[in-house]
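Participant:
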Amino acid sequence: MFRLFSDFPEYKQIWPQFRGIPDSLIITANEVKGHGLVYMAGLKSIIDNIKNEEKLVKTISKITLAHLKWHICKDHIMNMLKEVIVILQADPHCQGRDVEEAWFTLFDVIGNLVDKFSK
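According to the UniProt record's numbering, the sequence shown holds residues 1 to 119 in order.
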């Protein structure tokens, strides 16, 4: 999450809880940690439901709709992928081109749904 705000400082303006945090304190902010935990819980929910199409669609739809109020678009979603890949590379079982392609596909689907629902 922290690198994301470094690479895309304008993202800090998307969520109200981050706006008042000085850039120098963003790396230690509880709000960012909390957002990261919610983000990872969302990804876990997707993974947990990957074999149940009905639950998976419901989970992804819920996550997608929650982000529309912040005017999140596919580009925002795809920019998060880089951070997820960095985290995954720390685990030897989660390395390799196939893993990266699977995550790209997931983020691409979520991004497409965000764009579709926002219209």
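For each residue, glycine too, the CB sits at the ideal point set by N, CA and C.
Give the C-beta separation of N79 and F8 to the nearest angstrom, bearing in mind that I take them to be a contact with Cβ-Cβ under 8 angstroms.
Facilitator: With a Cβ gap of about 6 angstroms, N79 and F8 count as contacting.
Participant: For K69, which three-state DSSP category applies?
Facilitator: Looking at K69 - three-state DSSP - the assignment turns out to be coil, as it is neither helix nor strand.
Participant: With distances taken between CB atoms, is the gap from T64 to S45 smaller than 7 angstroms?
Facilitator: Against a cut-off of 7 angstroms, the Cβ pair of S45 and T64 comes out as no contact.
Participant: In whole angstroms, what separates the C-alpha of K51 from that of V57?
Facilitator: If you take the alpha carbons of K51 and V57, they lie about 11 angstroms apart.
Participant: Measure the C-alpha to C-alpha separation of E31 and Q17 and round it to an integer number of angstroms.
Facilitator: Roughly 7 angstroms between the two C-alpha positions.
Participant: Checking 7 angstroms against the spacing of the C-beta atoms, do I110 and I77 come in under that value?
Facilitator: Going by C-beta atoms, I110 is nearer than 7 angstroms to I77.
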